[in-house]
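Here's the structure, in C-alpha cells; my notes come after.
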Amino acid sequence: MPNETLPLPLPPSLWVATARPAPATPPLDGSRHADVVIVGAGFSGLAAALHLAESGASVVVLDAGEPGWGASGRNGGQVIAGLKWDPDELVAMFGIEAGEHLVRVAGAAPDAVFDLVERHGIDCEARRCGWIQPTFAEADNALAARRVEQWQRRGAPVSLLDREAACRLVGSPIYRGGWIDRRAGSLQPLSYARGLARAAQGAGALVCANSRVVGLAHDRGRWKVRTAHGAAVSADNVLLATNGYSDGLWPRLRQSVIAANSFQVATERLPDALRRTVLPGGQVASDTRKLLLYYRADHDGRLIMGGRGPFREPTGPADYRHLESVIGLVFPQLKGTRCEFHWSGRVALTRDHLPHVHRPAPGLTLFLGYNGRGVAMATMLGTMVAANLAAPDGHPLPLAVTGIRPIPLHSLHRIYATAILQMYRLSDHLAVR
Ligand SMILES: Cc1cc2nc3c(=O)[nH]c(=O)nc-3n(C[C@H](O)[C@H](O)[C@H](O)COP(=O)(O)OP(=O)(O)OC[C@H]3O[C@@H](n4cnc5c(N)ncnc54)[C@H](O)[C@@H]3O)c2cc1C
0 MPNETLPLPL PPSLWVATAR PAPATPPLDG SRHADVVIVG AGFSGLAAAL HLAESGASVV
60 VLDAGEPGWG ASGRNGGQVI AGLKWDPDEL VAMFGIEAGE HLVRVAGAAP DAVFDLVERH
120 GIDCEARRCG WIQPTFAEAD NALAARRVEQ WQRRGAPVSL LDREAACRLV GSPIYRGGWI
180 DRRAGSLQPL SYARGLARAA QGAGALVCAN SRVVGLAHDR GRWKVRTAHG AAVSADNVLL
240 ATNGYSDGLW PRLRQSVIAA NSFQVATERL PDALRRTVLP GGQVASDTRK LLLYYRADHD
300 GRLIMGGRGP FREPTGPADY RHLESVIGLV FPQLKGTRCE FHWSGRVALT RDHLPHVHRP
360 APGLTLFLGY NGRGVAMATM LGTMVAANLA APDGHPLPLA VTGIRPIPLH SLHRIYATAI
420 LQMYRLSDHL AVR
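Heads up: the sequence shown is residues 0 to 432, going by numbering that gives the first Met the number 0.
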C-alpha cells in the first residue's frame, strides 16, 4: 500500500522536460471553508476552478500530485473538436435539440481552449494548426467523407483529402485519404495545465498539490473533505474531476470507467531537412486504425508518436518497442531515429464512449470519461459544469446527468480489455491485407 501522504512526483516525460515552471501549490493545511472544493487538478478541475473563481466563488482545488499530474500533463497535446461519435449519430441518440446542442459544444471545444490561452496569456506553445485524420484502410474513406459532410453541413471548416493530399500533408506514403479539421490545433499540455492553475490562482482559487483526498462526508448540508495528511475543507459543493485516476473516493465511480494506459514516445530533435518531411504544415494527426496511432511534432522538432500498449502500467523499455518501430513504418524516412522520451498515462473509457456527469448526492458533481479526447472537451465540460453550478437555468449541461453505472465484472476488465486490444490488432491487420 503506497504512503498517501508522500509527495507524488510527476513521472519523466517530454512534457516534464520542456514545460514552463509550475506555480507554487503547497499542500492544504489546517481546516477551512470554501464555497466549492474541486478534487483533481487536471484540465477538468482547473477549468472549473478558473470559471468559479472568476464568478466570485471561493474555491479550493486538491490534487494527490500536482496540477497536470494525471492525463492532463501527459497527453498528446492534440486539441481536437468533437466526440468519438459523429454529429448525426449524436442527434440520432439524443434527438435534434439535445443532440445538436452537444454537437455544438463538442465542436466549439477547441475555441474554449484557445480562448483561455489567449485571455490568460498562457505560455504553452498553442497553435491552431488543424488536425488530420488520415485513413488507414480504403474502406475508411467513406467514413471520412461522411464526417466531412456532417460537419460541413453545420458550418465547420473541414475538408476531405484525397490520397495524394493526405500523404503529402502527413509526410507518409501509407495512407489512403483522410480529412482535415481546421478548428483543431496543438499545445504543450503540462504548460497548459500549469497556466490554467496559475490563472485560477490569479482569480483567487487556492490550488493545493500533494493533497490526496481520502474522505468525503456530507453532514448537516455541508461537505467535509479530508486529505491523507489530516487537513480538511468544508464546502457547500464538491466537484470530483479525477477521470482515469479515480480511486475509491466515491463508491462505484472507478468501476464506471475502464482506466486504460495510452503510451507515447518522442524522438530526438530531427535535423531540419528531415523535420520538414513530417507533417510539414504543422498539423497534428490521429489515424482511423481501431488501435489508433496519434502523432505530431513538438515545438523543437521532435516527433511524438502515441498509441495503445499493454493494458497494465509500463514496466520497462520493452513496453514501448512497438511504438518505436511503428515510427519507421509510418515515416520510412525516420527509420532508425532514436527515441529520447517514453511515458504513459491513463484515459477513462466509458461503455457508451461519451463523457458522463453524475450528481449522486446534493452538492456533489462528478464528471469524467473523455475516451482519450479530453484536451478540448475536459476544458469545455469543466467550464460548463462550473457555469451550471453557479446558474443552473442559464447554463444547461451538454449531457444529461445520469446515475453511476458500474461496468459489469469490472474486476475482470484487464482481461477483456486485453482481449479487445488483440481483436482490434487483428482487425487492423486484416483491413489492409
Ligand atoms: C497518453 C495520453 C495521450 C492523450 N492524448 C490526447 C490528445 O492528444 N488529445 C486529447 O484530446 N486527449 C488526449 N488524451 C486524453 C486527455 O489527456 C484527458 O481526457 C484529459 O487530460 C482529462 O483531464 P481530467 O482533468 O479530467 O483528468 P486528469 O488530467 O487525469 O486529472 C485527474 C487528477 O485527479 C487527481 N486525483 C485522483 N484521485 C484523487 C484524490 N483522491 N485526491 C486528489 N486528487 C486526485 C489525479 O492526481 C489527477 O491529477 C490523452 C490521454 C493520455 C493519457
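Ideal placement from N, C-alpha and C gives every residue a C-beta, glycine not left out.
Remember, predicted model here, so these are calculated numbers, not experimental data.
Going along the chain, which residues of its own chain have a beta-carbon closer than 6 Å to the beta-carbon of residue i, five neighbours each way excluded?
{"i": "residue 282", "result": "128, 129 and 131"}
{"i": "residue 59", "result": "33, 36, 205 and 232"}
{"i": "residue 209", "result": "6 and 26"}
{"i": "residue 51", "result": "35, 58 and 385"}
{"i": "residue 405", "result": "251, 254 and 255"}
Of all the options the options, which has the alpha carbon lying nearest to the alpha carbon of residue i?
{"i": "residue 187", "options": "17, 155 and 174", "result": "17"}
{"i": "residue 49", "options": "401, 349, 235 and 386", "result": "386"}
{"i": "residue 205", "options": "8, 404, 47 and 4", "result": "47"}
{"i": "residue 214", "options": "237, 190 and 288", "result": "237"}
{"i": "residue 337", "options": "309, 276, 269 and 380", "result": "269"}
{"i": "residue 313", "options": "248, 390, 67 and 264", "result": "264"}
{"i": "residue 354", "options": "6, 26, 43 and 2", "result": "43"}
{"i": "residue 224", "options": "427, 31, 3 and 139", "result": "31"}
{"i": "residue 372", "options": "300, 109 and 382", "result": "109"}
{"i": "residue 257", "options": "221, 328, 351 and 303", "result": "351"}
{"i": "residue 2", "options": "19, 63, 13 and 53", "result": "63"}
{"i": "residue 84", "options": "409, 356 and 349", "result": "349"}
{"i": "residue 122", "options": "185, 165 and 326", "result": "185"}
{"i": "residue 272", "options": "120, 392, 325 and 333", "result": "333"}
{"i": "residue 218", "options": "135, 363, 139 and 77", "result": "363"}
{"i": "residue 154", "options": "375, 106, 143 and 427", "result": "106"}
{"i": "residue 72", "options": "192, 357, 234 and 52", "result": "192"}
{"i": "residue 19", "options": "120, 92, 292 and 245", "result": "120"}
{"i": "residue 330", "options": "247, 292 and 251", "result": "292"}
{"i": "residue 260", "options": "339, 244, 125 and 61", "result": "244"}
{"i": "residue 162", "options": "199, 180 and 135", "result": "135"}
{"i": "residue 182", "options": "228, 221 and 111", "result": "111"}
Got a sec? Which residues, its chain only, sit under 7 Å from residue i by beta carbon, not counting five neighbours each side?
{"i": "residue 147", "result": "157, 158, 159 and 178"}
{"i": "residue 169", "result": "131, 133, 278 and 284"}
{"i": "residue 29", "result": "230"}
{"i": "residue 10", "result": "342"}
{"i": "residue 87", "result": "149"}
{"i": "residue 196", "result": "22, 24, 40, 45, 66 and 206"}
{"i": "residue 424", "result": "290"}
{"i": "residue 54", "result": "389"}
Among all the DSSP beta bridges, which residues are the ones paired with residue i?
{"i": "residue 207", "result": "61"}
{"i": "residue 214", "result": "225"}
{"i": "residue 341", "result": "264"}
{"i": "residue 293", "result": "285 and 305"}
{"i": "residue 184", "result": "78"}
{"i": "residue 179", "result": "131 and 158"}
{"i": "residue 348", "result": "257"}
{"i": "residue 366", "result": "356"}
{"i": "residue 400", "result": "356"}
Would residue i pass as an interface residue toward chain B - the criterion being a Cβ-Cβ separation below 8 Å?
{"i": "residue 240", "result": "Annotation note: the requested chain B is absent from the structure, which comprises a single protein chain."}
Would you please state the rounded distance, in angstroms, between the beta carbons of residue i and residue j? I believe it to be under 8 Å.
{"i": "residue 365", "j": "residue 347", "result": "Contact doesn't hold; Cβ gap of about 11 Å is too wide."}
{"i": "residue 310", "j": "residue 401", "result": "The pair is not a contact, with the Cβ atoms about 26 Å apart (cut-off 8 Å)."}
{"i": "residue 296", "j": "residue 274", "result": "7 Å"}
{"i": "residue 326", "j": "residue 75", "result": "That belief does not hold up - the Cβ atoms of residue 326 and residue 75 are roughly 14 Å apart, past 8 Å."}
{"i": "residue 38", "j": "residue 240", "result": "7 Å"}
Helix, strand or coil: which one does DSSP assign to residue i?
{"i": "residue 109", "result": "helix"}
{"i": "residue 286", "result": "coil"}
{"i": "residue 259", "result": "strand"}
{"i": "residue 119", "result": "coil"}
{"i": "residue 336", "result": "coil"}
{"i": "residue 173", "result": "coil"}
{"i": "residue 68", "result": "coil"}
{"i": "residue 235", "result": "strand"}
{"i": "residue 409", "result": "helix"}
{"i": "residue 34", "result": "strand"}
{"i": "residue 17", "result": "helix"}
{"i": "residue 0", "result": "Legend: pLDDT at residue 0 = 48, less than 50; position of this residue unreliable, value from coordinates given subsequently. Reduced to three states, the DSSP call for residue 0 is coil."}
{"i": "residue 331", "result": "helix"}
{"i": "residue 417", "result": "helix"}
{"i": "residue 102", "result": "helix"}
{"i": "residue 197", "result": "helix"}
{"i": "residue 126", "result": "strand"}
{"i": "residue 89", "result": "helix"}
{"i": "residue 390", "result": "coil"}
{"i": "residue 434", "result": "In the structure as shown, the chain starts at 0 and stops at 432, and residue 434 therefore has no counterpart that could be examined."}
Note down, in chain order, each residue of its chain lying with its Cβ closer than 8 Å to the Cβ of residue i, except the 5 sequence neighbours on either side.
{"i": "residue 0", "result": "Residue placement at residue 0 cannot be trusted, given a pLDDT of 48 that sits under 50; what the coordinates show is reported in the next sentence. Same-chain partners within the cutoff: there are none."}
{"i": "residue 395", "result": "100 and 387"}
{"i": "residue 262", "result": "305, 306, 307, 308, 313, 318, 319, 322, 341, 342 and 343"}
{"i": "residue 339", "result": "13, 265, 266, 267 and 301"}
{"i": "residue 82", "result": "89, 101, 105, 352, 353, 354, 370, 372 and 376"}
Is residue i near ligand 3, with its Cβ less than 7 Å from a heavy atom?
{"i": "residue 243", "result": "Here the bound small molecules are ligand 1; ligand 3 is not part of this structure."}
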